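A short write-up of the structure that comes next.
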Amino acid sequence: MPSGGIGGLAVAQGLVIAGSRNATDRFDIFVALDAETGVKRWQVTYLAEGKLDYGNSPRATPLIAGDHVFLFGAFGDLRCVSFETGRLIWERRLGKEYESPRLEWGLTVTPLLIDGLLIAQPGGSRGCLVALDAETGEEVWKTTPGKPGHGAFIPADIGGRRQLIGHDAKSLGGWDVKTGERLWTVVPPVAGDFQVPTPIFIQDDGHGPRLFVTTENNGSRLYGFRANGTINAEPLGTFSRLAPNTHSPVQLGDRIYGIHNGLHCLKLDEGLSPAWRFRDRAFVKYGSLLGMRSSKRLLATMLDCQLILLEDQGDSAKELDRLILRDDGTEMLSHPALVDLHFYLRLGRSIACLKFARPTD
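Below, the structure is given as structure tokens:
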């Protein structure tokens, strides 16, 4: 990689796509690497000047959709390029067009492609959320002005309407996908959240549709919905001790797993009551989780470049294996990608691929 990056890795159809910066720290660079060999296949470079905390590299994970790739930089530059060649198809300078404010971490929300619309969050004085035609880049709708959150949006079909669910700077909300109309709002009791962790939508499994949300100032909350698709602002359950500022928990069945001063396991069907807590120094700081539904196992990538494999055994967690990838102070800050037993990781300024052995009976 030309320079270190912190955005997640996107992998599909034999390519690994990642964002970074050039040596002078004035240009965004997105590279496509051969997934088997790591050889560079193409590169996209454009001027993107500014100053942010934790460096100026793109935060948003590249979005691969068929023969297009959508690239979003921390200063609001959005590009649609060819998957095969990196050739520019269209571009928008969303930060400038929608007058995004100066942010400590920049614009971080990965665009969401749904029903032919590319949803982005410039969070500016000319619109907080914007929907673009994915083929042309033309604006379809925009919402009222407002500062952005930092976490990804998710789609959900509730009460006969398809919604976008996510955060702006001050609140949690749901928006109609077709029109951008805001359907509901929840303002948490404690202000000042960075709004980074991605919410988890739980389909109706006999308990009605539910939404799990967690943030650093307000902890973890579980919400239900009314028949018309609006949220009930009184939580079904809360758990204050799982309050990550950047980590996004994962769901396996009727349990939620998240990292904050340990690895927590919460019971969805019992109002987020704790099932167990795995205590380990590696889980004090940031980490990413991948869940394996069939085996109730979790693969954790930790800030200090450790991989930890654990198994949920009901009332406790068992560590199955641990691998130290680097022990020189290098950090793993970005989300990994797992494709066909190939595990792609960003180790500081390097991208690595690990190949897992196929399980035997």
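Sequential numbering of the sequence shown, starting at 101, is according to this note's numbering.
We treat Cβ as the ideally placed atom computed from N, Cα and C, and that holds for glycine.
As the structure is a computational prediction, the values presented were derived from the model and not from experiment.
{"query": "Pairwise C-alpha distance: Gly114 and Gly176", "result": "28 angstroms"}
{"query": "Residues sharing a beta bridge with Glu467, DSSP", "result": "Absent from the structure is residue 467, since the part of the chain shown begins at 101 and ends at 461."}
{"query": "Neighbourhood of Asp153 by C-beta distance below 8 angstroms, restricted to the same chain and skipping five residues each side", "result": "Glu204, Trp205"}
{"query": "Cβ-based burial, Gln263 [other Cβ within 10 Å; buried from 16]", "result": "buried"}
{"query": "C-alpha gap between Asp380 and Glu199, whole angstroms", "result": "44 angstroms"}
{"query": "Three CB pairs or more closer than 8 angstroms across the stretch 206–216 and the stretch 154–173", "result": "yes"}
{"query": "Limits of the unbroken beta strand (DSSP E) element including Ala256", "result": "254–258"}
{"query": "Residue range of the beta strand (DSSP E) that includes Ser225", "result": "No beta strand (DSSP E) contains Ser225, which DSSP labels as neither H nor E."}
{"query": "Local Cβ density within 10 Å of Ser340, reported as buried at 16 or more and exposed below that", "result": "exposed"}
{"query": "Of the residues Asp404, Gln413, Ser348, Ala437, the one placed nearest Gly429, counting alpha carbons only", "result": "Asp404"}
{"query": "Terminal residues of the beta strand (DSSP E) in which Arg422 lies", "result": "417–424"}
{"query": "C-alpha gap between Val296 and Phe456, whole angstroms", "result": "30 angstroms"}
{"query": "Sequence-distant residues of the same chain with beta carbon closer than 7 angstroms to Ile219, five excluded per side", "result": "Pro211, Leu212, Leu229, Ala231, Phe253, Leu264"}
{"query": "Beta-carbon proximity of Val439 to Leu389, cut-off 9 angstroms", "result": "no"}
{"query": "Cα-Cα separation, Arg179 to Ala110", "result": "15 angstroms"}
{"query": "Alpha-carbon spacing of Leu433 relative to Arg355, whole angstroms", "result": "25 angstroms"}
{"query": "Three-way DSSP call (helix, strand, coil) for Phe526 in this model", "result": "No information on residue 526 is available, as it lies outside the stretch 101 to 461 that the chain covers here."}
{"query": "Residue range of the unbroken beta strand (DSSP E) whose run includes Trp285", "result": "Checking the displayed sequence, the identity of residue 285 turns out to be Thr instead of Trp. Segment 282–286, the beta strand (DSSP E) holding Thr285."}
{"query": "Segments assigned beta strand (DSSP E), at least 3 residues, entirely inside the stretch 338–374", "result": "350–352, 355–359, 363–367"}
{"query": "Gly251 classed as buried or exposed, judged by whether at least 16 other C-beta atoms fall within 10 angstroms", "result": "buried"}
{"query": "C-beta atoms of Tyr444 and Gly391 nearer than 9 angstroms", "result": "no"}
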